[in-house]
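Here is the structure we will look at.
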Amino acid sequence: MAFDALDEIYGLRTWKGLPLADGFIRKVVPAADLRGALPEFARRPFGTEPNNHPRMRSIWRMPFGDDPCERPVAVVSDQYDLLQHQVLATWLTENLSKAGLKNADAEITMTEYGERVRITVPLVDRTFDFAEDLLSPDRYRPEIEVTNSVDRSSAFHVVLRWRRLICLNGMFTVEEDRMRSIHRVDLSRTELVRDFIRERLSTTPDMVTALSSWKKRKTDKQTVQAWCEEWLRNQKDWTVENCARLWWILEQGYDGEVRTPSGKKEKWPLRSYQVSQDARVPGDNFPVKTAYDVAQLLTWITSNQRSVEMQLEGTEAVPKLMKAFLKFAGARK
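When you read off a place in the sequence shown, starting at 1, and then add 7, the result is the number in my numbering.
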């Protein structure tokens, strides 16, 4: 299945307004080499005396890769604790090794000058079969994801995500799978991450309960389209573009570029938007039959986004969206 057209439309481009470094999008390195694949930063005074600001500091990226220049990337307060990407890389690698995952690969996504980094480590040997059926498996693979910034845009954050292995369609995170953002990190206590990885992988993921209940809830295209039109498009975190994508995926099973209706500016119904048929959405979810199928479509859309923050925040919001959908569907009976 070719995804070139869809990737051109919805491939990652930005992270909170900053362009991504093309050479690092989906760049995969062995976890053991992760530290050397990330830049180093320095904290310096903000200006020179007497034209400095005593309560502010500047963050500079040191020469990196093919760029021999030092680049200013942020202004922070004098109380800001700089957590180097290279340090968290060492921290992550050590914890992966202690968890028996030292041979894992790491995927790097980074902004143009390295201010923000997202590191994803697929844990291939920890795949979980949701269906437990040899003839019809439904496998999910856990991924450790670490995000960090040196410009205060995001604190250090560790997440365990579960991705459905049907053309990598569907990615779920539940509350228990997140180690909340850490601002003042005691770098000597790396066992926090090690224990988090070990504990989450040693038990049946909580998402299994939710997925099982969603599989039992029958639904249909008309109900989901009504929810999309009447409820979802009114949520501030879901653009009308994404709602139109979902509406037309339900209608045709394909995803693509959205074209806004021409004419007067008004609240056009979602059916009036045109969505090209560039790629078939993978998985057995057309036509939609259960709430489980709806969840897969939501995660498909949130996983195919131009910005990193929509991918991260959109994916984490799926369980809440599903709760809202089930309430809406129940009220229509």
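Positions of the beta carbon are idealized from the N, C-alpha and C atoms, including for glycine.
These figures come from a predicted structure and were not determined experimentally.
Selection from the options that minimises the alpha carbon distance to residue i
i           : options               : result
residue 22  : 314, 339 and 127      : 314
residue 133 : 161, 63 and 168       : 168
residue 50  : 42, 170, 180 and 69   : 69
residue 158 : 81, 229, 283 and 111  : 81
residue 233 : 334, 94 and 95        : 334
residue 36  : 100, 166 and 66       : 100
residue 252 : 226, 279 and 149      : 279
residue 33  : 142, 117 and 41       : 117
residue 84  : 73, 64 and 76         : 64
residue 98  : 248, 211, 250 and 198 : 198
residue 219 : 89, 145 and 74        : 145
Short Cβ contact (8 Å threshold) for residue i with residue j
i           : j           : result
residue 244 : residue 182 : no
residue 177 : residue 55  : no
residue 287 : residue 260 : yes
residue 103 : residue 96  : no
residue 123 : residue 25  : yes
residue 147 : residue 163 : no
residue 184 : residue 207 : yes
residue 202 : residue 13  : no
residue 1   : residue 266 : The displayed coordinates of the chain run from 8 to 340. Any statement about residue 1 would go beyond what the structure contains.
residue 131 : residue 113 : no
residue 173 : residue 289 : yes
Neighbourhood of residue i by C-beta distance below 8 Å, restricted to the same chain and skipping five residues each side
i           : result
residue 338 : none
residue 6   : The structure shown does not extend to residue 6, since the chain spans only 8 to 340, so no value can be given for it.
residue 200 : 98, 99, 102, 165 and 186
Neighbour flag for residue i against chain D, beta carbons, 8 Å
i          : result
residue 20 : The displayed structure is made up of one protein chain only, and chain D is not part of it.
CB-CB length for residue i against residue j, believed under 8 Å
i           : j           : result
residue 236 : residue 175 : Not a contact, Cβ separation roughly 28 Å.
residue 45  : residue 93  : 5 Å
residue 228 : residue 299 : The pair is not a contact, with the Cβ atoms about 15 Å apart (cut-off 8 Å).
Residues of its chain near residue i, where Cβ-Cβ distance is below 6 Å and the 5 sequence neighbours each way are ignored
i           : result
residue 327 : none
residue 154 : 125, 161 and 164
residue 8   : For residue 8, the pLDDT reaches just 38, beneath the cut-off of 50, and the residue's location in the model is therefore unreliable, although a value from the coordinates is still provided. Here the set comprises nothing.
residue 329 : 302
residue 194 : Here residue 194 scores only 48 on pLDDT, less than 50, and its place in the model should not be relied on; the value that follows carries that caveat. Nothing meets the Cβ criterion.
residue 247 : 240
residue 254 : 232, 235 and 277
7 Å Cβ shell around residue i - same chain, five flanking residues per side excluded
i           : result
residue 59  : 52 and 53
residue 325 : 179, 302, 305, 306 and 309
residue 231 : 257, 295 and 301
residue 17  : 311, 312 and 313
residue 275 : 268
residue 316 : 22 and 23
residue 225 : 296 and 297
Bounding residues of the alpha helix (DSSP H) (the contiguous stretch that carries residue i)
i           : result
residue 329 : 315 to 339
residue 114 : Here residue 114 belongs to no alpha helix (DSSP H); instead the beta strand (DSSP E) covers 112 to 117.
residue 203 : 198 to 208
residue 49  : Residue 49 -> not in any alpha helix (DSSP H); beta strand (DSSP E) instead, spanning 48 to 53.
Where the beta strand (DSSP E) through residue i begins and ends
i           : result
residue 147 : 146 to 156
residue 83  : 78 to 84
residue 130 : Note, residue 130: premise wrong, no beta strand (DSSP E); not H, not E.
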